[in-house]
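**Q** What follows is a structure written as structure tokens; I'll ask about it next.
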Amino acid sequence: VCNRTYLPSCIGPGRFYFLCVLFVTIHPFSHLGGSSAFLVLSLKELVFSVQEDLAQQLEITIINITGALAGIGVSTFAKYLATIPQEGSVTSRFIPAVFLVIISFFAGWAKSRLPRLHLSARISCFVSIWLLTDNIGITSAVLSDSGGFLWITVTAASVCLFSSMLILHWSSTHLIEEVASTLRTIHRCLSVGMDNPFTHPSSQQIAELKDLHGELVHQSVILNEMYCQAAFELRVGRVSVKSLKPLLGMVEHLRRELSWGMVPQPGQNDSANESHCTSSSSFEASATELSKTIMTSIKAVEDLVLGVYTHTSLWHKSLRTERDAVTAAAINLNLTWYTAKTELRNTIQTWSEESISPSGSIVPSHLHHQCLFVTSLLQMAYDMSHILQVAQSIAAHHEVSRFRFWLPRLTWQWLGVAPRTFIMEEYGAPITDDAFEAETTLSAEEVRQGVAFVDRQDETMSQEFSYSHATRTIPIVPHLSLKSLPQCLSVTLQHLWNHRAILQLRLGASRVICDMQRSSHLQHATKNAIGVAMLSFPAFLPSHSVGFQWFRWIHGQWMIISYVWVLETNTGATWRVGYLRLSGTILGAIYAYITWAICGRNSIGIVAMVTLFDIPITWLVTKSRIPSLGVVASVTLPPIVLYQYLTPDSGVSTRDLAWMRASMIALGIIAALAMNSIVFPRYSRVLFLNQTSTTLRLLSQLYLLLVQGMFRSIYPFTPHDKQETLKLELQIRNALHRSSSLLTTMNDELSLVPKPMRHYREVVLKIQKILDLMTGLRKIRENIPRKETIASVMKERKEFVCTNELGC
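Quick look at the structure:
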């Protein structure tokens, strides 16, 4: 059953496919692309596929056309150089082979190091593979082949771009929708948990709160990712996305308070429940009222943010209702915050007086839990007041701003952020492997010490040699004999080898080699270049050889292109993309054979069948969790159906053509899987365990930094300590994000070692929980006097710290 959004989202991109097929089947127009004009459909699906909004479509069009032009330009230059020697000579075939390997190396590096150039690097490889493996050394084919691929690239890009202007919106609201969704989750979490400290929570409520806390952690990670992407995107509107940055930070503060300060305590018996219900009635009403006011404020901020950022029309929209709601929420929040704070202070003071009296008793533990809950509410109200101020500032800026464009700055940082596209699963996990490797390079001080030692050693050896030489040569005249020549040369070479300048050069070269061995980007570039070189080797054999004839007959370019498209930056992602693309290849080949069996060379039937096939494929690409299957199925279809239409005298049957194309794509996929599993393998399980160890190490450092004042009677929490603490918290949060990303690719790896995925996920959640608790501990250190938290329980806290540290 299809919903209302299914047909527009699938038929809209189907228009692109229909236009591309139409242009390819019109002979006077497709003649400009030559016999490879059907590659328009391949580039449309692989590179210029439909995006969510027009701004994203415009960005990928410009970036990917630039990559295609770079590939065409370098390949044309290489083909021209190949025409200078004699046609068919070793030099003529060697030049394009070297250029193809170099292009593949730099494209692989750009794909791994600069995620925004992911598709641009691939399209440069795509056009280079076709240009440099066909018509080598033929002078008349240099410009014609390059012109054909220029037509193919421009046609695919322009058709998708101009068609997008008719159906796509200008800017995306993904970030705004995610902000609103996160605020709604916080609202739901607070509404479920606000009665738990004063009533006995049911098991259903506890399970629901646990699920909501896990969802909040996931949304917090996604929110920061989307903000990084939106901050570097082309967009239109009245208010910059950067105005949301303070709000996102405060949303993270609210999540932490909900995580560590509002956790229900199951297992209370009925008598305890009745006793603390009566004893806590003094501030239960004010706490409940404060919770409701916070939820009202969250709703007001959500409505205002949606009104400001989702309205992108040229005319101005009034937000008076939303602004008034935010102002009223701010006033009510201040009143309820002051009331709850006063009642909590009075209640704690009363308990303190009762506990120190002769007839007093110990305060029950559930009352401590209630106080912690109300304290977290007060902190949430404080953070919520800042969010309301940010919302008021955004609304004021919206009132006075005009409609404008925001263009991204062409910086290294912009290139390092992955673009927001539909096919996000193919990028693999964002892994930074620098933290996994041990530091083996020498420091500057060690280099200076080494140079000084070598200088002293050379000086001592020189003095000893001069003294012995002088004592031997006093009676006779010194002379250089053939017998002493090897010794002199050895001493001279050793002196030159240990010279300060040469030693500095050696250390620099060693550092470069170590960096190359440790860099995952260079490793990926090397794998990309090696695979392309091995698979394209038959294309550069002599024209009369069996390997060259086989490569040309079977169109081995598809094998190389498939390898480039499947090779990912880690093994798990490569396996996932590999088996999905292999399945898509089989599906596309079967449908292509059926299409040709039904339609033959009937252009109308071909256009109808190919366009009809694109509707479910578009749904797979845009709506499902297996987009790779749909992409490669769509790519497999045109080379089989349209090649027979464009070259009717090829002499190859459709069944054989379907088998050849499918086998070439499958061989490329298998080669990519083998390469990523044998050469520089990057297993997600190993990376996850290393990342978890690093996270625990950072967690221990954070805990030691927080508790170091407990070993001294007087130790102020300085601003430097706070800065170091915040830095460690950020590093741990980023490490947890990388661990979560690695878990998504770990399922796709083949491993003889068991992978307890459930336990791994629990480890990540537990570490996140510990981090939230330590954040709360930091706030206690900042806001509560040391006399209350440390001085009176110094001995017990020391023992507790030692126990925890030994546990880590």
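Following my numbering, the numbering of the sequence shown begins with 637 at its first residue and continues without gaps. Virtual Cβ for every residue (Gly too), placed ideally from N, Cα, C.
Would you call the segment 1327-1335 and the segment 1207-1222 in contact, with 3 or more CB pairs under 8 Å?
**A** With the cut-off at 8 Å, the segment 1327-1335 and the segment 1207-1222 do not touch.
**Q** According to DSSP, which residues form a beta bridge with W1042?
**A** Its beta-bridge partners are R871.
**Q** From V941, K1402, A964, L668, pick the residue whose C-alpha is nearest to that of A1031; which is it?
**A** Considering only alpha carbons, the answer is V941.
**Q** How many whole angstroms separate the CB atoms of L668 and G784, which I take to be in contact at a CB cut-off of 8 Å?
**A** The Cβ separation is near 7 Å, so the contact holds.
**Q** Is it true that the CB of G1214 sits closer than 7 Å to the CB of V1200?
**A** Their beta carbons are not under 7 Å apart, which means V1200 does not touch G1214 by this criterion.
**Q** Which same chain residues, not among the five before or five after S740, have their C-beta less than 7 Å away from its C-beta?
**A** Result list for S740: C761, N1164, A1165, V1168, in chain order.
**Q** Kindly indicate which three-state DSSP category N1238 falls into: helix, strand or coil?
**A** Of the three classes helix, strand and coil, the one that applies to N1238 here is coil, per DSSP.
**Q** For R1448, collect the residues of the same chain with a Cβ closer than 6 Å to its Cβ; drop the 5 residues on either side in sequence, then sort them by chain order.
**A** Any property of residue 1448 remains undetermined from this structure, which presents the chain solely from 637 to 1444.
**Q** Roughly how many angstroms lie between the CA atoms of A816 and A936, to the nearest whole one?
**A** Approximately 11 Å between the Cα atoms of the pair.
**Q** Could you name the residues of the same chain whose beta carbon sits closer than 6 Å to that of G1448, not counting the 5 residues immediately before and after it, in chain order?
**A** Nothing about residue 1448 can be reported from this structure: the residues present for the chain run from 637 to 1444 only.
**Q** Below 7 Å between beta carbons: does that hold for I1253 and G1236?
**A** Against a cut-off of 7 Å, the Cβ pair of G1236 and I1253 comes out as no contact.
**Q** Using the beta-carbon count (16 or more within 10 Å), is F1187 buried or exposed?
**A** It counts as buried.
**Q** So, at 8 Å on beta carbons, what are the nonlocal neighbours of S856 in its own chain, with the 5 sequence-adjacent residues on each side left out?
**A** T818, V887, E888, R891, listed in sequence order.
**Q** Relative to the C-alpha of I1305, which candidate in E723, M1410, G1192 has its C-alpha closest?
**A** The option with the nearest alpha carbon to I1305 is G1192.
**Q** Could you check what DSSP says for G744 in three-state terms: helix, strand or coil?
**A** In this structure, G744 counts as helix in the three-state DSSP scheme.
**Q** Quick check: the Cα distance between S915 and E925, rounded to an integer number of angstroms?
**A** Unreliable positioning characterises S915 in this predicted model, as indicated by a pLDDT of 47, which lies under 50. The coordinate reading is nonetheless provided below. Cα-Cα distance, rounded: 18 Å.
**Q** Residues in its own chain within less than 7 Å of A1307 by CB, not counting five upstream and five downstream?
**A** If we look at A1307 and ignore the five residues flanking it on each side, its Cβ neighbours are G1167, L1171, Y1199.
**Q** One question on the structure: do W1189 and M1300 come within less than 7 Å of each other, judged by their Cβ atoms?
**A** Result no, Cβ atoms of W1189 and M1300 do not sit closer than 7 Å.
**Q** Should V877 and A866 be called a contact, given that it needs their Cβ atoms to be closer than 7 Å?
**A** It is a contact, given that the beta carbons lie within the stated cut-off.
**Q** Using a Cβ-Cβ cut-off of 6 Å (strictly less than) and excluding sequence neighbours within five positions of S782, which residues of its own chain qualify?
**A** Cβ neighbours of S782 beyond the five flanking positions: I708, T712.
**Q** Quick one: what's got a C-beta closer than 6 Å to E910's C-beta in the same chain, skipping five residues either side?
**A** Only weak support is given to the placement of E910: the predicted model assigns it a pLDDT of 48, under 50, and the question is left unresolved by the model.
**Q** Do you know how far the Cα of A1054 is from the Cα of I788?
**A** Roughly 26 Å separates the two Cα atoms.
**Q** Starting from the C-beta of T809, find all residues in its chain whose C-beta is less than 8 Å away, skip the five residues before and the five after it, and write them out in chain order.
**A** Excluding residues within five positions, the ones whose Cβ falls inside 8 Å are Y945, T946.
**Q** Looking at I1276: is its Cβ nearer than 7 Å to the Cβ of A1302?
**A** Cβ distance not < 7 Å, so I1276 and A1302 don't count as in contact.
**Q** From the DSSP output, in three-state form, read off S827 for me.
**A** Residue state, collapsed to three classes: helix.
**Q** For C1007, collect the residues of the same chain with a Cβ closer than 6 Å to its Cβ; drop the 5 residues on either side in sequence, then sort them by chain order.
**A** Once the five neighbours on either side are set aside, C1007 has no close Cβ partner at all.
**Q** In this structure, how does DSSP classify T1439 when only helix, strand and coil are distinguished?
**A** Of the three classes helix, strand and coil, the one that applies to T1439 here is helix, per DSSP.
**Q** DSSP three-state call for R1297: helix, strand or coil?
**A** Three-state DSSP puts R1297 in a helix.
**Q** What is the DSSP secondary structure of G1052, counted as helix, strand or coil?
**A** In this structure, G1052 counts as coil in the three-state DSSP scheme.
**Q** S1146: buried (16+ other C-beta within 10 angstroms of its C-beta) or exposed?
**A** Per the 10 Å Cβ criterion, exposed.
**Q** I need the straight-line Cα distance from W1042 to T957, nearest angstrom please.
**A** One C-alpha to the other measures close to 27 Å.
**Q** If you measure between the beta carbons of I701 and A792, is that distance less than 7 Å?
**A** No, they are not a contact pair.
**Q** Output the boundary residues of the alpha helix (DSSP H) element that contains Q1130.
**A** 1121-1133 is the span of the alpha helix (DSSP H), which, as asked, contains Q1130.
**Q** Given that a residue counts as buried once 16 or more other Cβ atoms are within 10 Å of its Cβ, and exposed if not, what is P1174?
**A** Buried.
**Q** State the Cα-Cα distance for the pair E1435 and L880, rounded to the nearest angstrom.
**A** Those two C-alpha atoms are separated by around 44 Å.
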